[in-house]
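Peer 1: From first to last, the protein sequence lines are chains Z and P. Residues 2 to 358 in my numbering are what the first sequence lists, from first letter to last. Residues 499 to 746 in my numbering are what the second sequence lists, from first letter to last. By construction, the Cβ of each residue, glycine as well, lies at the ideal position given by its N, Cα and C atoms. Before anything else, here's the structure in question.
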Amino acid sequence: MAKKVLMKGNEVIAEAAIRAGCRHYFGYPITPQTEIMHYMAKRMVEVGGAFVQAESEVSAINMVYGAASAGARALTSSSSPGISLKQEGISYIAGAELPAVVVNIVRAGPGLGGIQTSQGDYFQATKGGGHGDYKNIVVAPASIQELYELTVEAFNLADRYRMLVMILGDGTLGQMMEPVLFRESEPTEDTDKSWALTGRGDRTEHNTVTSIYIEPDDLERKNNDLQIKYARVAEAETRYESTDVEDAEIVITSFGTCSRICKNVIRQAAELGIKVGMVRPITLWPFPSSEIARAASLPSVKAFLDVELNAGQMVEDVRLAVNGQKPVYFLGRMGGNMPTQKEILDRIVAIHDGEAK
Amino acid sequence: MAIVFDKTEGLLDKPFHYCPGCTHGIIHRIIAETMCEKGILNDTIGVSSVGCTYNNYEYFSCDMVQAAHGRAPAVATGVKRVHPDKFVFTYQGDGDLASIGAAEILHSAARGERITVFFVNNAIYGMTSGQMAPTTLLGQVTTTSPFGRDAALQGYPMNVSELLATLPGAVYIERVAMNNFKNIQTAKKAVAKAFAVQEKGLGFSLVEFLSTCPTNWGKEPVESLRWLESAMIPQYPLGVFKGKDLEV
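Spelled out as structure tokens, the structure:
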């Protein structure tokens, strides 16, 4: 039976992964995501899976590479400095076209930074992070319920496209508790994994998994194939929530927990007679550029306000999508701080009154 | 006429790209022959690493995965945890294993990961053209120790087998040499024993092969074999460092 429970975000990720059929977890401790490990250390024993505390983030992602090449649904999780270390393996997973899921419960940087919430890893998550031309599917949940559903979906997407899916949360999402309604059973897909390494068995040909193509023509062909796949993903898997854009004067763009503060501001602005809508990207890559472009083309929309927990990262993609049709303003907080509703509302009023810079 | 010698089915019909006088080819052959003789070829997954053997997945006919530099033991850990009933081996050079992959090899051994590591030590980086490795001998000239390795500047050679043998998770560690027929026969027995240790699930096993690199040593093949014996073996003595009394 479906049941509703009150759970912490990090634990929901772990439980959702197990419900999605993940039986291999490899991790290394780092705040604020360590509860994922704690939960997995117990639950993997109960479900007969494998939990390995790796010697480093580098090893953990390479264990995921190995487990994924062997055909398993594999997971690793970390927070920003640890994700920087994993970039080597992430690029190899993209090159070898392996399905894998990586969780980043983002904390404030740069460097060791702090352990409080942040969205400062948007660039790293969506623009590459590691070496070479590749993309990861990046999902950005805004609630614990959505975190659960997108974690299950991440494993399906990873298998469907043989791609790495990153769940980009933030410290707040990982640490907070909210009610979550677990489904009776999960919509897990059965994907053909005849490419996986299982030992040859009765096969006449051996299977190989590699990311190296030493001949330039072979490598260019490989890269072209990857780009074709990414275009297919962009076509089929772009997700967003678009609210009251049609008659809005100002459109907010914001993702993750930050978008929930903005949602309250929309109500407050309405009380002042200012119509505000919002486009909340759920997939940060592929990015919902066409919905933002459509909003920009509406005559009623006068301006955009992008709100993030960083110095202005997603706002670059918003500006590309708006393409000069309307002004795009930015409001950001850093270092683990969040904007207050009043800060955002004041900016909305200033934009509305033509006094915003 | 009866066939008295044939190429093993453990290797695909593709010419090696290795330099003349390099012993990688012989090491490949004895590993492949052992998989066939033990009847485990179809139950084995190998991990290629980075270095001259980066593409030996094109030679071994078992399932193979290519790993990033130094990460083969971590990749093998992932594979083995998914397929605990299969044989999993890594094939790594000394730069890969003892330098950039030092953490991965140490901790896979410490965990007692049930994998077999084939560690090829030729005291130099081959693929990237002859730089100093952690295993380079004192006084040895390389492209990054052009005046000979000086302990005061560049430290000392690393004896990996002795180091790993101190860990309880490592149950079988042997160093062998590829310089003559007798030693190659010993090496092949060590390969078989390492697979047997894995079959019984006893823990981590490693065979270190002292090998040659005529190209980057700047020596003729025969002279290289002599140098292996006269210079390398005194620094890296042959023998079983762990699991001498193992019955497998």
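1. Once DSSP output is grouped into helix, strand and coil, what is the label at Z/R201?
2. Hey, does Z/N137 have any beta-carbon neighbour from chain P nearer than 8 Å?
3. In its own chain, which residues sit with a C-beta less than 7 Å from the C-beta of P/E727, not counting the 5 before and 5 after it?
4. Pull up the DSSP beta-bridge partners for Z/S243, would you.
5. Quick check: is the beta carbon of P/Q683 nearer than 8 Å to any beta carbon in chain Z?
6. Drop a sphere of 10 angstroms on the beta-carbon of Z/A71, count the other beta-carbons inside from all chains shown, and report buried for 16 or more, exposed for fewer.
7. Which residues of the stretch 33 to 52 of chain Z have a Cβ closer than 7 Å to any Cβ of chain P? Give them in chain order.
8. Does chain Z have any CB closer than 8 Å to the CB of P/M625?
9. Check the Cβ of P/V573 against every Cβ in chain Z and list those closer than 8 Å, keeping chain order.
10. At the level of alpha carbons, what is the spacing between Z/E242 and Z/K264?
11. Does any CB atom of chain Z fall closer than 8 Å to the CB of P/C560?
12. Roughly how many angstroms separate the alpha carbons of Z/E16 and Z/S81, rounded to a whole number?
13. Going along chain Z, which residues have a C-beta under 9 Å from P/D541?
14. Could you have a look at Z/A304 and say whether DSSP puts it in helix, strand or coil?
15. Just tell me which of Z/I349, Z/W196, Z/L169 has its CA closest to the CA of Z/V103.
16. Alpha carbons only, please: which of P/M533, P/K740, P/V618, P/I538 is nearest the one belonging to P/K551?
17. What residue does the beta strand (DSSP E) around Z/P180 start on, and which one ends it?
18. Please check if any C-beta of chain P sits within less than 8 Å of the C-beta of Z/G355.
19. Could you tell me whether the stretch 198 to 207 of chain Z touches the stretch 34 to 53 of chain Z, where touching means 3 or more Cβ pairs closer than 8 Å?
20. Check distances from the C-beta atoms of the stretch 96 to 125 of chain Z to those of chain P and list, in chain order, the residues that come in under 7 Å.
21. List the residues that DSSP assigns as beta-bridge partners of P/N619.
22. Check whether the Cβ atoms of Z/T239 and Z/T284 sit closer than 8 Å, and answer yes or no.
23. Run down chain P in chain order and give the residues with a C-beta less than 8 Å from the C-beta of Z/Y214.
24. Is the shortest distance between the beta-carbon of P/E507 and the beta-carbons of chain Z less than 8 Å?
25. So which residues of chain P does Z/F156 contact, with C-beta pairs closer than 8 Å?
26. Check for me: the beta strand (DSSP E) holding Z/Q54 runs from which residue to which?
27. Against chain Z, with Cβ distances strictly below 8 Å, would P/A584 count as a contact?
28. Under 7 Å between beta-carbons, which chain P residues line up against Z/N1? List them in chain order, please.
29. Would you tell me roughly how many angstroms separate the C-alpha atoms of Z/G131 and P/D743, rounded to the nearest one?
30. Using beta-carbon positions only, say whether Z/G22 and Z/T189 come within less than 8 Å of one another.
31. Taking 8 Å as the cut-off, decide whether the C-beta atoms of P/L509 and P/Y555 are in contact.
32. Based on the DSSP output, what are the partners of Z/A357 in its beta bridges?
33. Quick one: which unbroken alpha helix (DSSP H) runs of 4-plus residues sit fully inside the stretch 40 to 124 of chain Z? Chain order, please.
34. Please return the same chain residues whose Cβ sits closer than 6 Å to the Cβ of Z/K87, not counting the five positions on each side in sequence.
35. Quickly, what does DSSP pair Z/Y149 with across the bridge? List them, please.
36. Which partner residues of Z/L169 appear in the DSSP bridge assignment?
Peer 2: For this structure:
1. Here residue 201 of chain Z is taken as the residue at index 200 of the first sequence, counted from 1. Three-state result, Z/R201: coil.
2. Numbered from 1 along the first sequence, position 136 holds the residue referred to as residue 137 of chain Z. No, its Cβ sits nowhere closer than 8 Å to a Cβ of chain P.
3. On the second sequence, position 229 is the one that residue 727 of chain P refers to. So the list reads N677, once near-sequence residues are dropped.
4. Counting from 1 along the first sequence, the entry for residue 243 of chain Z is found at position 242. In DSSP, Z/S243 forms a bridge with Z/V280.
5. Residue mapping note: residue 683 of chain P aligns to position 185 of the second sequence, counting from 1. Chain Z contact via Cβ: absent.
6. Looking up residue 71 of chain Z in the first sequence gives position 70. Buried, since its Cβ has 16 or more Cβ neighbours within 10 Å.
7. A51
8. In the second sequence, the residue the question calls residue 625 of chain P occupies position 127. No - not a single Cβ of chain Z is within 8 Å of the one on P/M625.
9. Taking the second sequence and counting its residues from 1, one reaches residue 573 of chain P at position 75. The answer, in chain order, is N63, M64, Y66, G67, S70.
10. The count along the first sequence starts at 1 and reaches residue 242 of chain Z at position 241. The count along the first sequence starts at 1 and reaches residue 264 of chain Z at position 263. C-alpha separation (whole angstroms): 12 Å.
11. In the second sequence, residue 560 of chain P corresponds to position 62, counting from 1. So yes, P/C560 belongs to the interface.
12. The residue you call residue 16 of chain Z lines up with position 15 of the first sequence. The residue you call residue 81 of chain Z lines up with position 80 of the first sequence. Each residue's alpha carbon lies about 22 Å from the other.
13. The residue given as residue 541 of chain P occupies position 43 in the second sequence. Here the neighbours are G200, R201, G202.
14. Indexing the first sequence from 1 puts residue 304 of chain Z at position 303. Reduced to three states, the DSSP call for Z/A304 is strand.
15. Start at 1 with the first residue of the first sequence, and residue 103 of chain Z comes out as number 102. Here the closest residue by C-alpha is Z/L169.
16. The residue labelled residue 551 of chain P in the question sits at position 53 within the second sequence. Checking the sequence, you will find Thr at residue 551 of chain P rather than Lys. P/T551 has its Cα closest to that of P/V618, out of P/M533, P/K740, P/V618, P/I538.
17. Position 179 of the first sequence, counting from 1, holds the residue named residue 180 of chain Z. Per DSSP, Z/P180 belongs to the beta strand (DSSP E) from 178 to 183.
18. Numbered from 1 along the first sequence, position 354 holds the residue referred to as residue 355 of chain Z. False, the Cβ-Cβ gap to chain P never drops below 8 Å.
19. no
20. none
21. As a working mapping, residue 619 of chain P is identified with position 121 in the second sequence. Paired residue(s): P/L708.
22. What you label residue 239 of chain Z is simply residue 238 of the first sequence in a count that begins at 1. What you label residue 284 of chain Z is simply residue 283 of the first sequence in a count that begins at 1. Cβ distance < 8 Å, so Z/T239 and Z/T284 count as in contact.
23. Working through the first sequence from its first residue, we reach residue 214 of chain Z at position 213. Ordered by position in chain P, no residue passes the 8 Å Cβ test against Z/Y214, which lies about 10 Å from the chain.
24. Translated into positions along the second sequence, residue 507 of chain P becomes position 9. By this cut-off, P/E507 is not an interface position.
25. On the first sequence, residue 156 of chain Z is found 155 positions in, with the first residue counted as 1. Ordered by position in chain P, no residue passes the 8 Å Cβ test against Z/F156, which lies about 15 Å from the chain.
26. For the purposes of this step, residue 54 of chain Z is taken as residue 53 along the first sequence, with counting starting at 1. Note, Z/Q54: beta strand (DSSP E), 51 to 54.
27. Residue mapping note: residue 584 of chain P aligns to position 86 of the second sequence, counting from 1. The question names Ala, yet the displayed sequence has Lys at residue 584 of chain P. P/K584 counts as touching chain Z.
28. In the structure displayed, chain Z extends from 2 to 358; residue 1 of chain Z sits before or after that span and is not available.
29. Here residue 131 of chain Z is taken as the residue at index 130 of the first sequence, counted from 1. Here residue 743 of chain P is taken as the residue at index 245 of the second sequence, counted from 1. Approximately 47 Å between the Cα atoms of the pair.
30. As a first step, residue 22 of chain Z must be located in the first sequence, where it is residue number 21. As a first step, residue 189 of chain Z must be located in the first sequence, where it is residue number 188. Taking 8 Å as the Cβ cut-off, Z/G22 and Z/T189 qualify as a contacting pair.
31. The residue you call residue 509 of chain P lines up with position 11 of the second sequence. The residue you call residue 555 of chain P lines up with position 57 of the second sequence. No. Outside cutoff.
32. Locating residue 357 of chain Z in the first sequence gives position 356, counting from the first residue. Partner(s): none; Z/A357 has no beta bridge.
33. 58 to 70, 81 to 97
34. In the first sequence, the residue the question calls residue 87 of chain Z occupies position 86. The residues are E58, I62.
35. Indexing the first sequence from 1 puts residue 149 of chain Z at position 148. Its beta-bridge partners do not exist; DSSP assigns none.
36. The residue you call residue 169 of chain Z lines up with position 168 of the first sequence. DSSP output for Z/L169 lists Z/N105 as bridge partner(s).
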